[in-house]
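Asks: Below: one structure in structure tokens.
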Amino acid sequence: MAAEISAIARLRIGVDGEGVTTLVVFMSCPLRCRYCLNPQTLSMSFPHKSYCAAELYDEVKKDNLYFLATGGGVTFGGGEPLLRADFINEFRAVCGSGWKICLETSLNVDKELLQSVMPSVDSFIVDVKDMNPEIYSSYTGADNSKVLANLEYIAEAGRASSCLVRVPLIPGFNTEDDVEAGVAALKALGYDNFERLTYKIDPHGKRKGNL
Ligand code: SF4
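In the numbering used here, the protein residues as written are 355 to 565.
Shown next as structure tokens:
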């Protein structure tokens, strides 16, 4: 099975998982966030390349020693990596158990996709946007009921401690009180590892990273 990949970024440290990581950016996402940082993943008209799992392994294995020495590995992002659950499971079978696999995900997918990758994935960076359904909908154009169900599923599976949950302050969409309400709701589910950040928006309304 092949997957469409927008970019592969090597030798990352401390930004998307433990140790040295290679970020693999998949095409396609179910959301349309107002301040999307990766809009090139949202349309197949942007450049991308097709890989099967073995081809991707051949590409990223050059950093094997870094991964093993630092407890790092491959982080799959996007776009939405859970749309490529089968590919991620194939990649795990090809790369073996020595590397860490992390997913950077919104969790806005059917639970079956999440369930299927649980044995292959070591950790998750969960981008919840905002826990409030109305704020979420106005920011992403989508409903967050699948996100909430998947957060519950991960917690019930005893994997909340393998998640870093991003709780952003999104200018024009939520407030610090909304962020703290989201953190409280997540704590009630069993999550306790949060990254608070503020989206940095330029005068033209484009996101330029985080504060
Ligand atoms: S989830 Fe990520 S890739 Fe998808 S629209 Fe939002 S910011 Fe963009």
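Note that the Cβ used here is the ideal one computed from N, Cα and C, for glycine as well. The model shown is predicted, which means the values in this text are computed figures rather than measured ones.
#1: On a CA-only basis, which of V379, L419 and K483 is nearest G433? Give me that one, please.
#2: Can you tell which of S516, D481, L543 and D532 has the C-alpha that lies nearest to the C-alpha of I489?
#3: Return the CA-CA distance between A503 and K465, expressed in angstroms with no decimal places.
#4: Spell out a yes or no on whether the segment 461-480 and the segment 402-417 are touching, meaning 3 or more CB-CB pairs, one atom from each, closer than 8 Å.
#5: If you scan the segment 384-468 from start to end, which runs of the beta strand (DSSP E) of 3 or more residues do you find wholly inside it?
#6: Comparing the CB of T395 with every heavy atom of ligand 1, is any distance shorter than 8 Å?
#7: Can you pull every residue whose C-beta falls closer than 5 Å to some heavy atom of ligand 1, listed in chain order?
#8: Give the C-beta separation of P384 and A509 to the nearest angstrom, bearing in mind that I take them to be a contact with Cβ-Cβ under 8 Å.
#9: If the criterion is Cβ atoms closer than 9 Å, does the pair A428 and C406 meet it?
#10: Please work out which residues of its chain come closer than 8 Å, Cβ to Cβ, to N564, disregarding the five sequence neighbours upstream and downstream, and give them in chain order.
#11: If we ignore side chains and look at the alpha-carbon of each, how far apart do L422 and R366 end up?
#12: How many angstroms separate the CA atom of S360 from the CA atom of F548?
#13: Take Y389 and list the residues in its own chain whose beta-carbon comes closer than 6 Å to its own, dropping the five residues that flank it on each side.
#14: Please work out which residues of its chain come closer than 7 Å, Cβ to Cβ, to A439, disregarding the five sequence neighbours upstream and downstream, and give them in chain order.
#15: How big is the Cα-Cα spacing for S397 and M381?
Replies: Let me lay it out:
#1: Among V379, L419 and K483, the Cα nearest to that of G433 belongs to V379.
#2: Between I489 and the set S516, D481, L543 and D532, the nearest pair of CA atoms involves D532.
#3: Going by the C-alpha atoms only, they are around 8 Å apart.
#4: No, they do not touch.
#5: You should have 403-406, 427-431 and 454-459.
#6: Relative to the non-hydrogen atoms of ligand 1, the Cβ of T395 comes within a distance shorter than 8 Å of at least one.
#7: Taking each Cβ in turn, the ones that pass are C383, L385, C387, C390, N392 and S460.
#8: Rounded, the Cβ-Cβ distance is 22 Å, inconsistent with contact.
#9: The amino acid at residue 428 is misidentified as Ala; the sequence shows Val. Not in contact: V428 and C406 (Cβ atoms no closer than 9 Å).
#10: Result list for N564: P522, L551, T552, Y553 and K554, in chain order.
#11: Taking the straight line joining both Cα atoms gives about 14 Å.
#12: The straight-line gap from Cα to Cα measures roughly 27 Å.
#13: Counting only Cβ-Cβ distances below 6 Å, and skipping sequence neighbours, we find Y553 and R561.
#14: A distance below 7 Å between beta-carbons, with the five flanking residues on each side excluded, links A439 to the following residues of its chain, in chain order: L467, S470 and V471.
#15: Cα to Cα, S397 sits roughly 8 Å from M381.
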